[in-house]
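Undergrad: Quick note on this note's numbering: the sequence shown kicks off at 240 and runs consecutively.
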Amino acid sequence: MDDSSSRSFVGRSVELGRLRRAAEAAAAGSPTVVLVSGPAGIGKTTLVEEFTAALGDTFTVLSLAGSAHERDTPVAAAARLLARTHRGREDSARSGTGPGPSVLEVGTETLEALDALQGSRPVLVHLDDAQDIDLSSLQAFGFALLRLHGDRVLFVIGTDHPARTAADMSLKSAGARLERVELQGFTVSEARSYVTGRLGQAPSESRTQTLVEWSEGNPLYLEAVLGALPGGLPDRLTIRMPPPLSDVVGEWARTFSPAGRRILDMLAVLDAPASVPLLSL
240 MDDSSSRSFV
250 GRSVELGRLR
260 RAAEAAAAGS
270 PTVVLVSGPA
280 GIGKTTLVEE
290 FTAALGDTFT
300 VLSLAGSAHE
310 RDTPVAAAAR
320 LLARTHRGRE
330 DSARSGTGPG
340 PSVLEVGTET
350 LEALDALQGS
360 RPVLVHLDDA
370 QDIDLSSLQA
380 FGFALLRLHG
390 DRVLFVIGTD
400 HPARTAADMS
410 LKSAGARLER
420 VELQGFTVSE
430 ARSYVTGRLG
440 QAPSESRTQT
450 LVEWSEGNPL
460 YLEAVLGALP
470 GGLPDRLTIR
480 MPPPLSDVVG
490 EWARTFSPAG
500 RRILDMLAVL
510 DAPASVPLLS
520 L
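1) May I have a chain-ordered list of the alpha helix (DSSP H) segments no shorter than 4 residues that lie completely inside the stretch 324–408?
2) Could you check the C-alpha separation between R328 and A322 for me, to the nearest Å?
3) Please name the residue or residues paired with T271 in a DSSP beta bridge.
4) Relative to the C-alpha of T324, which residue among Q357, A405, S443, S432 is closest?
5) Find out if the Cβ-Cβ distance for the pair L303, D367 is shorter than 8 Å.
6) Pull up the distance between the alpha-carbon of H400 and that of I281, whole angstroms please.
7) Quick check: the stretch 368–388 against the stretch 244–261, are at least 3 beta-carbon pairs closer than 8 Å?
8) Taking the beta carbon of T299 as the centre, do at least 16 other beta carbons fall within 10 Å, making it buried, or is it exposed?
9) For E348, collect the residues of the same chain with a Cβ closer than 7 Å to its Cβ; drop the 5 residues on either side in sequence, then sort them by chain order.
10) So, helix, strand or coil for V249, using DSSP?
11) Below 8 Å CB to CB, which residues in the same chain sit around A498 once its five sequence neighbours on both sides are set aside?
12) By the three-class DSSP mapping on this structure, what secondary structure does E455 have?
13) Between L363 and Q440, what straight-line distance do the alpha-carbon atoms span, to the nearest angstrom?
14) Hey, P270 and L387: beta-carbon distance below 8 Å or not?
15) Cutting at 8 Å between CB atoms, please list the residues of its own chain near D242, excluding the five before and the five after it.
16) Secondary structure at T494, three-state DSSP: helix, strand or coil?
17) Round the Cβ separation of V272 and F394 to the nearest angstrom and send it over; I've been treating them as touching at under 8 Å.
18) Just how far apart, CA to CA, sit L506 and A492?
19) Please work out which residues of its chain come closer than 7 Å, Cβ to Cβ, to E421, disregarding the five sequence neighbours upstream and downstream, and give them in chain order.
20) Would you mind stating whether L286 and R260 have Cβ atoms separated by less than 8 Å?
21) Which residue wins for smallest C-alpha separation from S186, given the options P442, G436, L450?
22) Using a Cβ-Cβ cutoff of less than 7 Å, which residues in the same chain neighbour L374 once the five nearest sequence positions on both sides are dropped?
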């Protein structure tokens, strides 16, 4: 886990404004879906967390992050979400030897849960890493969205693959209003603010420009290069020829303990998610 929560939020004023307006619409009884997209590391989760924090207690917030480990398990994600509104629901959804609940059943249950929750205040459902949510859950959420009319519900969905997620959830035919927010990389000014907050010193405009060109303004890549350069930025000649990302990752990996390096080596060979028992063999 990174320590990004301790750093000041940078930029994204336009995107935050669009999310605020979507929240106002949902609170007024116009159910809304905001699809937040962009490449991995661009800051989708950070943006929504900043927006959610600003809402305070004006919304009931349900957050769910997709997991690659559950992607092939039907309704696994929906069961986790519903477990937060009905105690024991997650266990009941997965128990038994017969077939699990259908998309229709889970979608209906989701709709009922949203109906009950919005009685006291509007509801925000944040689906993070939706590309890793199992298809049945996405279909169940889409089933519920199709039947929202006059409800005080806002869905904010972060995904690396917006077209696929929208198709899986049938968002184009949903009853809720659909908006799209596509995140781009930091501008030079935003990247300079980010680096200043990260290192406690302001880089020159030219060095920041080089960083942005190399990283395309992606905060994840900026963090990677800054993490590989303890003590500050390199001199101008070095930063004009930054190392390839593989070298940066290699430098980062060398900070691990020997046991941690062995696990990284195993993951590199497997090239797939691995359970703790498997890694302990």
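In this text, a Cβ means the ideal position worked out from N, Cα and C, and glycines have one as well.
In this text the structure is predicted, and so the values were computed from the model without any measurement.
TA: To lay it out plainly:
1) 328–333, 342–356, 374–385, 401–407
2) In the sequence shown, counting from the first residue as 1, residue 328 sits at position 89. In the sequence shown, counting from the first residue as 1, residue 322 sits at position 83. Summary for R328: the model assigns pLDDT 45, below 50, so the residue's position carries little reliability; its value from the coordinates is reported in the next sentence. Roughly 5 Å between the two C-alpha positions.
3) Residue mapping note: residue 271 aligns to position 32 of the sequence shown, counting from 1. DSSP output for T271 lists L393, R416 as bridge partner(s).
4) Walking along the sequence shown from the start, residue 324 turns up at place 85. Minimum Cα distance to T324 is reached at Q357.
5) By 1-based counting over the sequence shown, the position of residue 303 is 64. By 1-based counting over the sequence shown, the position of residue 367 is 128. Yes.
6) As a first step, residue 400 must be located in the sequence shown, where it is residue number 161. As a first step, residue 281 must be located in the sequence shown, where it is residue number 42. Between H400 and I281, the C-alpha separation is close to 13 Å.
7) no
8) Numbered from 1 along the sequence shown, position 60 holds the residue referred to as residue 299. By the 10 Å Cβ count, T299 comes out buried.
9) Taking the first residue of the sequence shown as position 1, residue 348 is located at position 109. Answer for E348: L321, listed in chain order.
10) Position 10 of the sequence shown, counted from the first residue, corresponds to residue 249. Three-state DSSP puts V249 in coil, outside helix and strand.
11) Against the sequence shown, residue 498 aligns to sequence position 259. Excluding residues within five positions, none has a Cβ falling inside 8 Å.
12) For the purposes of this step, residue 455 is taken as the residue at position 216 of the sequence shown. DSSP places E455 in coil when its eight states are reduced to three.
13) Locating residue 363 in the sequence shown gives position 124, counting from the first residue. Locating residue 440 in the sequence shown gives position 201, counting from the first residue. C-alpha separation (whole angstroms): 38 Å.
14) As a working note, residue 270 is residue 31 in the sequence shown. As a working note, residue 387 is residue 148 in the sequence shown. In contact: P270 and L387 (Cβ atoms closer than 8 Å).
15) By one-based count along the sequence shown, residue 242 stands at place 3. Residue confidence for D242 is low, a pLDDT of 42 falling below 50, so the modelled location carries little weight and cannot support an answer.
16) The sequence position of residue 494 within the sequence shown is 255, counting from 1. Reduced to three states, the DSSP call for T494 is coil.
17) Sequence index remark: in the sequence shown, residue 272 carries index 33 (1-based). Sequence index remark: in the sequence shown, residue 394 carries index 155 (1-based). Rounded, the Cβ-Cβ distance is 4 Å, consistent with contact.
18) Position 267 of the sequence shown, counted from the start, is the residue given in the question as residue 506. Position 253 of the sequence shown, counted from the start, is the residue given in the question as residue 492. For L506 and A492, the distance between alpha carbons rounds to 12 Å.
19) Translated into positions along the sequence shown, residue 421 becomes position 182. Contacts found: S276, G277.
20) The sequence position of residue 286 within the sequence shown is 47, counting from 1. The sequence position of residue 260 within the sequence shown is 21, counting from 1. No. Outside cutoff.
21) The chain is shown from 240 up to 520; residue 186 falls before or after that span and cannot be answered.
22) By one-based count along the sequence shown, residue 374 stands at place 135. Excluding sequence neighbours, L374 sits near D407.
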